[in-house]
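Everything on this sheet refers to the single structure shown next.
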Amino acid sequence: MAYQATKAALQRLVTDGTVPGVSYALIDGDRVETGELGVAAIVPHTEPLRAGMTYDVASLTKVVGTLTVTLQLLAEGRLTLDAPITRWLPAWPDARVTVRHLLTHTSGITGYIPNRNQLGAADLTRALLGLHVGPTFNRRMVYADVNYIFMGWIIEAILGEPVQVAVQKRVLTPLGMTHSTFTPAQPADCVPTAVTVDRGLLRGVVHDPKGYVLQRRCGSAGLFTTVDDLVRFCQAYCQPEASAGVLPADWVRRLVADWTPNGHAGRSLGWALTATQWPTAHRVIWHSGFTGTYLVIDPLTRQAMVFLTNRVHPVAPNLPYLDQRNAVIGTYLAEKSRESPMNPSIY
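Using our numbering, the first residue of the sequence shown is number 74, and each one after it goes up by one.
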């Protein structure tokens with residue numbers, strides 16, 4: 074495996090000071106290359122980035138955890154895409170919103186919650202259920218954490234346990250993701266995120282404010298994991314039949330489709346969609362996390378990229394990172410066809 078252009082793009086993120094460090098994996102079927110660039114921390118002092126360190130992966134929680142449990146419940150017939158969410162969340166006032174709307178971020182749920190980050194869990198829950206549906210409902214994809222917070226509460230209503238408990242039992246443990254957790258026992262093994270006014274340096278505790286308040290009942294953020302565990306996850310996604318008890322193959326195979334209500338809003342269940350051209354033009358799924366993480370998976374060619382960084386360290390939001398992240402994804406998608414085990418020209 075080479076991926077020289079992709080690795081050079083990752084190195085530039087570090088060299089230019091856009092991020093402190095990067096941990097990555099490049100996956101071609103059963104072949105995997107991993108690496109670390111830069112440092113884990115720059116405050117309160119510079120700290121080396123070690124192989125196997127744990128990252129707060131923020132919204133990757135949505136697709137690794139919450140979506141996976143949702144796909145299981147869909148496969149089991151305990152959940153249907155077009156059922157109104159009021160079936161499980163009776164306090165929510167608008168019966169037009171369905172499970173599909175939550176999963177594709179087309180619910181249009183919006184509204185302002187005063188002093189949101191200072192609320193306790195019960196008050197935040199009531200406030201979120203007091204939001205309303207806006208004009209983008211059913212026609213535009215507007216990414217919002219509330220969709221997967223609600224989805225986590227639906228999972229809790231069906232299974233009788235908090236979503237993060239369900240994810241641990243139903244996803245992380247059976248896939249052998251042994252270094253993945255919602256409650257890191259060794260903060261020193263975690264890459265720190267932001268330095269905040271209220272909470273100081275965040276290390277081994279969730280960065281996301283809503284995740285910090287809701288804890289086990291948050292389906293939108295909270296997962297801590299490693300490159301190696303995410304390699305396991307990506308490889309399972311590329312061969313779901315091998316992990317059928319965790320990843321319903323029929324559902325996973327169809328995630329490259331546009332699942333939005335009109336079929337044209339460019340979103341799958343959980344995952345964002347992009348395209349690649351080899352061996353023929355086809356869709357690829359990807360997702361990012363606010364802390365500076367993302368996964369790109371091409372199930373057709375069994376290729377994937379794991380990218381973990383702490384772009385919010387020491388200060389969020391670090392907006393220049395976003396354009397450069399997208400450029401790295403573009404470089405990877407352009408380069409990966411040349412690296413594919415399916416491509417006879419590499420032999």
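We put the beta carbon where it would ideally sit given N, CA and C, even for glycine.
Given valine 236 as reference, the closest of Gln77, Leu328, Val137 and Gly403 once Cα atoms are compared: Val137
Whole alpha helix (DSSP H) elements within the region 316 to 383, 4-residue minimum: 322 to 326
Per-residue burial, glycine 111 [other beta carbons within 10 Å of its own, 16 or more giving buried]: buried
Candidates Val244, Pro93 and Lys80, of which the one nearest threonine 382 by Cα: Pro93
Three-state class that DSSP yields for leucine 122 in the structure shown: coil
Same chain, Cβ closer than 8 angstroms to histidine 337, five either side skipped, listed in chain order: Asp331
Proximity to alanine 389 [Cα-Cα], best of Val357, Val369, Leu275 and Pro321: Leu275
Cα-Cα separation between serine 418 and alanine 75, rounded to whole angstroms: Annotation note: pLDDT 45 at serine 418 (below 50); position unreliable, no value reported.
Residue range of the unbroken alpha helix (DSSP H) whose run includes isoleucine 186: Unbroken run through isoleucine 186: none, as it is neither H nor E.
Nearest residue (CA-CA) to leucine 346, options Gln77, Val329 and Ala354: Val329
Three-state secondary structure (DSSP) of leucine 297: The residue asked about is misnamed: residue 297 is phenylalanine in this sequence, not leucine. In the structure shown, phenylalanine 297 sits in a strand (DSSP, three-state: E or B).
Which listed residue (Trp351, Gln312, Ala194 and Thr246) has its alpha carbon closest to that of tyrosine 285: Ala194
Endpoints, the beta strand (DSSP E) within which glutamate 408 is located: Element bounds for glutamate 408: not the beta strand (DSSP E) but the alpha helix (DSSP H), 393 to 412.
Opposing strand residues paired with threonine 107 [DSSP bridges]: Ala98
C-beta atoms of alanine 98 and threonine 404 nearer than 8 angstroms: no
Whole-angstrom distance between threonine 183 and histidine 425, CA atom to CA atom: What the structure shows of the chain is the stretch from 74 to 420, and residue 425 is not part of that stretch, so it cannot be assessed.
Under the three-state DSSP convention, the category alanine 156 falls into: coil
Reference glycine 108, options His386, Pro387 and Met378, closest by Cα: Met378
N- and C-terminal bounds of the alpha helix (DSSP H) containing alanine 194: 194 to 202
Assigned secondary structure, aspartate 127 (DSSP; H/G/I helix, E/B strand, else coil): The question names aspartate, but residue 127 in the sequence shown is threonine. If DSSP states are grouped into helix, strand and coil, threonine 127 belongs with the strands.
Where cysteine 291 sits in the DSSP three-state scheme: coil
Span separating the alpha-carbon of leucine 146 from that of glutamate 229: 12 angstroms
Rounded Cβ spacing between asparagine 318 and proline 247 (contact assumed at less than 8 angstroms): Reading off the sequence, residue 318 comes out as glycine, not asparagine. Rounded, the Cβ-Cβ distance is 6 angstroms, consistent with contact.
Alpha carbon of leucine 162 to alpha carbon of valine 170, nearest angstrom: 11 angstroms
Candidates Arg398, Leu406 and Arg384: closest to valine 357 by CA position: Leu406
Short Cβ contact (8 angstroms threshold) for asparagine 211 with proline 334: yes
Backbone CA spacing between threonine 79 and tyrosine 394 [nearest angstrom]: 16 angstroms
CB contact flag (proline 265, histidine 355, <8 angstroms): no
beta-carbon leucine 303 near the ligand COA non-hydrogen atom, thresh 7 angstroms: No copy of the ligand COA appears in this structure; indeed no ligand is present at all.
6 angstroms CB neighbourhood of cysteine 307 in its chain, flanking five on each side removed: Ile100, Ile370 and Ala377
Whole-Å CB distance - threonine 177 paired with arginine 340, under 8 angstroms assumed: 5 angstroms
Secondary structure of alanine 164, DSSP reduced to three states: coil
Pick from Asp323, Met214 and Asp301 that is closest to arginine 173, judged by C-alpha positions: Met214
Strand pairing of leucine 274, partner residues [DSSP]: Val268
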